[in-house]
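If you read the sequences in order, they're chains A and B.
For the first sequence, the working numbering assigns the number 128 to the initial residue and increments by one for each residue that follows.
For the second sequence, the working numbering assigns the number 160 to the initial residue and increments by one for each residue that follows.
Shown next, in structure tokens, is the structure this report addresses.
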Amino acid sequence: MSRDLDIKVHHLTRVEGHGNIVVNMKDGVLEKAHLSIVEPPRFFEAMMKGRSFHEAAIITSRICGICSLGHQLTSLVATEDALGLEISEQTSLLRKLLIHGATLQSNILHAYFLAAPDFLNVGSVFPLIATHKDVVLRALRMKRLANDIGDIVSGRAVHPITPVPGGFSRIPEKAELLEIKRRLLEEALPDGLETIETMKALAGAIPQFERETEYISLKHPDEYALYEGDIFSSDTGAISVHKYLDVTNEFVVNHSTSKHAKYNRNSYFVGALARWNNNHAQLGEEAHAAAEAMGLKPNCYNPYMNTIAQVVEAVHCILDSVRIIDRLMEMGLKNEKPNQTPTRYGRGIGSNEVPRGILFHDYTYDNKGNIIKANCIIPTGQNLANIDDDMMKLVPEIINKTKEEITLNLEMLVRAYDPCISCSVHMLEVDFIE
Amino acid sequence: MKPQVAFFDFTSCEGCQLNKLNFENDLLDILKHVDIVEFREAMDDKADHYDIAFIEGSITSPSCVERIHDIRRRSDILVALGSCAVNGGVNAMKNLHPIDEVRETVYGDDKYLFATLPAMAVSSVVKVDYEVRGCPMTQQDFLKLLIALVLGKQPPKYGSPVCVECKLKENECLYNRGMVCLGPITRGGCDAVCPSFGQFCTGCRGILDNPNIDGMLEVMTSHGISLDEAKKRMLLYNSNEVQL
Numbered sequence: 128m129s130r131d132l133d134i135k136v137h138h139l140t141r142v143e144g145h146g147n148i149v150v151n152m153k154d155g156v157l158e159k160a161h162l163s164i165v166e167p168p169r170f171f172e173a174m175m176k177g178r179s180f181h182e183a184a185i186i187t188s189r190i191c192g193i194c195s196l197g198h199q200l201t202s203l204v205a206t207e208d209a210l211g212l213e214i215s216e217q218t219s220l221l222r223k224l225l226i227h228g229a230t231l232q233s234n235i236l237h238a239y240f241l242a243a244p245d246f247l248n249v250g251s252v253f254p255l256i257a258t259h260k261d262v263v264l265r266a267l268r269m270k271r272l273a274n275d276i277g278d279i280v281s282g283r284a285v286h287p288i289t290p291v292p293g294g295f296s297r298i299p300e301k302a303e304l305l306e307i308k309r310r311l312l313e314e315a316l317p318d319g320l321e322t323i324e325t326m327k328a329l330a331g332a333i334p335q336f337e338r339e340t341e342y343i344s345l346k347h348p349d350e351y352a353l354y355e356g357d358i359f360s361s362d363t364g365a366i367s368v369h370k371y372l373d374v375t376n377e378f379v380v381n382h383s384t385s386k387h388a389k390y391n392r393n394s395y396f397v398g399a400l401a402r403w404n405n406n407h408a409q410l411g412e413e414a415h416a417a418a419e420a421m422g423l424k425p426n427c428y429n430p431y432m433n434t435i436a437q438v439v440e441a442v443h444c445i446l447d448s449v450r451i452i453d454r455l456m457e458m459g460l461k462n463e464k465p466n467q468t469p470t471r472y473g474r475g476i477g478s479n480e481v482p483r484g485i486l487f488h489d490y491t492y493d494n495k496g497n498i499i500k501a502n503c504i505i506p507t508g509q510n511l512a513n514i515d516d517d518m519m520k521l522v523p524e525i526i527n528k529t530k531e532e533i534t535l536n537l538e539m540l541v542r543a544y545d546p547c548i549s550c551s552v553h554m555l556e557v558d559f560i561e
Numbered sequence: 160m161k162p163q164v165a166f167f168d169f170t171s172c173e174g175c176q177l178n179k180l181n182f183e184n185d186l187l188d189i190l191k192h193v194d195i196v197e198f199r200e201a202m203d204d205k206a207d208h209y210d211i212a213f214i215e216g217s218i219t220s221p222s223c224v225e226r227i228h229d230i231r232r233r234s235d236i237l238v239a240l241g242s243c244a245v246n247g248g249v250n251a252m253k254n255l256h257p258i259d260e261v262r263e264t265v266y267g268d269d270k271y272l273f274a275t276l277p278a279m280a281v282s283s284v285v286k287v288d289y290e291v292r293g294c295p296m297t298q299q300d301f302l303k304l305l306i307a308l309v310l311g312k313q314p315p316k317y318g319s320p321v322c323v324e325c326k327l328k329e330n331e332c333l334y335n336r337g338m339v340c341l342g343p344i345t346r347g348g349c350d351a352v353c354p355s356f357g358q359f360c361t362g363c364r365g366i367l368d369n370p371n372i373d374g375m376l377e378v379m380t381s382h383g384i385s386l387d388e389a390k391k392r393m394l395l396y397n398s399n400e401v402q403l
């Protein structure tokens, strides 16, 4: 069909940060379809210079409130790698528990508050309080518990306090962890199962769209990788975290204050759907049952299904948190002091799976333990090229719809990636022309 | 009619806004007393006039300057939320370096492609009626202010240092545990949350009125860090407030 189409969504709502959707079609030829990132720059790289290893995680946590725990842990792993700080099994388990709490919180927030309103034809979660009060209360309950994990284990869910280089500045009490376990089993698990029912009912409204792409995540031999592992590409397999620059290959585009990334193809996907595609075999039967109920199959190429993969992960996080607490109880909680005596100085790299995908921090320290150079590569930045490629394929497929419907489909597509734009422009090397 | 309130984000991590979405226990009660008419992070709606506008983030670009003027013009009461909005927060660390050098570190050869300003407090650009400090602001602090404004009362002010609240909680002083802490000169109101969790105070709520800066630096350097390091610690959140 020969058609002119001009779509501009200024400051897309229900996403973290500032982005615009721009589509131009002339005489049926799609000239432009992209997510333009207009968030002001933060200059973290410049701010980090000269700062002590005690402060690095405190500062990088402030790249993003929503992802603050992820930035903090990845920052600590990078610092520990650079300074040769060994951590205990207890530290590693407590960090995994924190990642589960943060992933649960973020995935539930996205599924219920940011994505679900699209399926129910409302502009936000607030009208749903009148029409779907039990659903809203359930979402709030799950979020509260997830945030309580953060508050109890890390002192504060937004900008955590206790995770420090080499360990924790405070170890939670046994009774606090047992109370979390009780609530996970008695509250979160039933709520999680109800969530699957709710999302199953909404899943019919998920647009049918597929574009096979490269999926990149961490991969670990023994578990569904969130805290540690090698980088894994669905195209070419495993590669060491220390070679992350060979994977991310960041490049500047003129419509985004955040850089784009590519590896084996023009673009790649990171986040819950990439983790599901790469590591679904390592999820338990409850998570698999959830996936089946909501129609998520292994090797899913529909980006809109990222939200569903997030709900599957929520189930995993609830159950795996219980397993972690059991293991901590079995070992007996020790009042360990953090190991903060460097054994070397130099470069270190950290990588974790945070809710929106694989995150990298890379620091170089001088021999006083102050930062010489810092680099952070953020999941949303890595997804931007993939979002643009999705849009270029999607728009011609839905070109017979009204402009409003096309716009809604594009907004839903961007929201499905759960983008975090503050993160993606943490340090911007830009070429932005309006 | 219920007060019409709105939330806006400028250069920041949006963590303070997120803390409002984290009002799981109180959100429904809050909504009985105010109408949220604009909150981009959570909803589609937009409005023309606000009884109370809450501003998160620093002013760091010409477009931020224009946008904050526009919001101020349409707001009866304007509140700065969190340290980025109140005094520039961590964003203001870049102001410690020559702006050209900062641009060059990040943009390289393209350093003049993007218009950037020193990171400023909202109050450097437009009138701010009230503030909620902290990084992030606490939910309790925000609620106290919101309740006071809805009832037409004056919100609480904090004049004593974090140390006072820390002592009331009977925490062991972190200086006795070998740490260097900014509690003695930092504005309280946080319930000494960081020291209570074993971590030093970073000064996120801003420096007290009439602080003894030299005395603080002397205490810090007598506990094993260099003068240079002590100054850096003090400036982490307060680059716009402290002249060293």
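A virtual CB, placed ideally from N, CA and C, is assigned to each residue, including glycine.
Compute the Euclidean distance between the alpha carbons of residue i and residue j, then round it to the nearest angstrom.
{"i": "B/Asp-259", "j": "B/Lys-270", "result": "8 Å"}
{"i": "B/His-228", "j": "B/Thr-219", "result": "14 Å"}
{"i": "B/Leu-308", "j": "B/Ala-212", "result": "12 Å"}
{"i": "B/Thr-380", "j": "A/Thr-340", "result": "55 Å"}
{"i": "B/Phe-458", "j": "B/Val-238", "result": "Since the first residue of chain B shown is 160 and the last is 403, residue 458 of chain B is not available in this structure."}
{"i": "B/Glu-215", "j": "B/Gly-241", "result": "6 Å"}
{"i": "B/Gly-147", "j": "B/Lys-390", "result": "Residue coverage of chain B in this structure runs from 160 to 403, which leaves residue 147 of chain B outside it and unanswerable."}
{"i": "A/Pro-254", "j": "B/Ile-372", "result": "51 Å"}
{"i": "A/Arg-450", "j": "A/Ser-281", "result": "19 Å"}
{"i": "A/Arg-283", "j": "A/Gly-277", "result": "6 Å"}
{"i": "A/Met-456", "j": "A/Ala-273", "result": "20 Å"}
{"i": "A/Glu-556", "j": "A/Ile-505", "result": "At A/Glu-556, the pLDDT of 28 sits below 50, so the modelled position is not reliable and the matter cannot be decided from this model."}
{"i": "B/Glu-388", "j": "B/Gly-267", "result": "28 Å"}
{"i": "A/Ile-435", "j": "A/His-407", "result": "13 Å"}
{"i": "A/Arg-265", "j": "A/Ser-179", "result": "42 Å"}
Shortest alpha-carbon distance to residue i belongs to which of the options?
{"i": "B/Met-279", "options": "B/Tyr-289, B/Cys-223 and B/Val-291", "result": "B/Cys-223"}
{"i": "A/Val-442", "options": "A/Arg-268, A/Gly-331 and A/Ala-417", "result": "A/Ala-417"}
{"i": "A/Tyr-544", "options": "A/Tyr-428, A/Ile-514, A/Thr-529 and A/Asn-536", "result": "A/Ile-514"}
{"i": "B/Val-321", "options": "B/Ser-398, B/Thr-361 and B/Leu-376", "result": "B/Thr-361"}
{"i": "B/Ser-319", "options": "B/Phe-198, B/Tyr-334, B/Asp-210 and B/Asp-350", "result": "B/Asp-350"}
{"i": "A/Lys-520", "options": "A/Val-150, A/Lys-135 and A/His-138", "result": "A/Val-150"}
{"i": "A/Asp-275", "options": "A/Ala-242, A/Asn-248, A/Asp-261 and A/Ile-226", "result": "A/Ile-226"}
{"i": "A/Ala-452", "options": "A/Cys-194, A/Pro-287, A/Asn-248 and A/Arg-309", "result": "Note on identity: in this sequence residue 452 of chain A is Ile, with Ala being the wrong assignment. Nearest option by C-alpha distance: A/Arg-309."}
For the beta strand (DSSP E) containing residue i, list its first residue and its last residue.
{"i": "A/Ser-251", "result": "Here A/Ser-251 belongs to no beta strand (DSSP E), and DSSP marks it neither H nor E."}
{"i": "A/Tyr-371", "result": "First-last for A/Tyr-371: 371-375, but that is the alpha helix (DSSP H), not the beta strand (DSSP E)."}
{"i": "A/Ile-288", "result": "Careful: A/Ile-288 lies outside any beta strand (DSSP E) and carries neither H nor E."}
{"i": "B/Glu-215", "result": "209-215"}
{"i": "B/Gln-163", "result": "163-168"}
Any Cβ of chain B within less than 9 Å of the Cβ of residue i?
{"i": "A/Ile-190", "result": "yes"}
{"i": "A/Phe-180", "result": "no"}
{"i": "A/Asp-131", "result": "no"}
{"i": "A/Ser-202", "result": "no"}
{"i": "A/Arg-542", "result": "no"}
{"i": "A/Phe-378", "result": "no"}
{"i": "A/Leu-267", "result": "yes"}
{"i": "A/Val-291", "result": "yes"}
{"i": "A/Asp-545", "result": "no"}
{"i": "A/Gly-177", "result": "yes"}
For residue i and chain A, any beta-carbon pair shorter than 9 Å?
{"i": "B/His-228", "result": "no"}
{"i": "B/Glu-173", "result": "yes"}
{"i": "B/Pro-294", "result": "Checking the displayed sequence, the identity of residue 294 of chain B turns out to be Cys instead of Pro. So yes, B/Cys-294 belongs to the interface."}
{"i": "B/Val-261", "result": "yes"}
{"i": "B/Gly-318", "result": "no"}
{"i": "B/Gly-248", "result": "yes"}
{"i": "B/Arg-231", "result": "no"}
{"i": "B/Ser-283", "result": "no"}
{"i": "B/Cys-325", "result": "no"}
Can you tell me where the alpha helix (DSSP H) with residue i in it begins and where it stops?
{"i": "A/Asn-406", "result": "399-406"}
{"i": "A/Ile-533", "result": "530-543"}
{"i": "A/His-488", "result": "Run containing A/His-488: none in the alpha helix (DSSP H); it sits in the beta strand (DSSP E), 484-492."}
{"i": "A/Asn-513", "result": "506-524"}
{"i": "B/Gly-241", "result": "241-246"}
{"i": "A/Ala-262", "result": "The identity of residue 262 of chain A in the sequence shown is Val, whereas the question assumes Ala. Run containing A/Val-262: 260-281, per the alpha helix (DSSP H) assignment."}
| message | Using a Cβ distance threshold of 8 Å, determine whether the stretch 474-483 of chain A contacts the stretch 391-402 of chain A, with at least three qualifying pairs required. | response | The stretch 474-483 of chain A vs the stretch 391-402 of chain A: in contact.
| the stretch 412-428 of chain A in contact with the stretch 205-225 of chain A per 3-pair CB rule at 8 Å | No contact exists between the stretch 412-428 of chain A and the stretch 205-225 of chain A.
| So, do the stretch 284-299 of chain A and the stretch 458-474 of chain A have three or more beta carbon pairs nearer to each other than 8 Å? | Under the three-pair Cβ rule at 8 Å, the stretch 284-299 of chain A counts as touching the stretch 458-474 of chain A.
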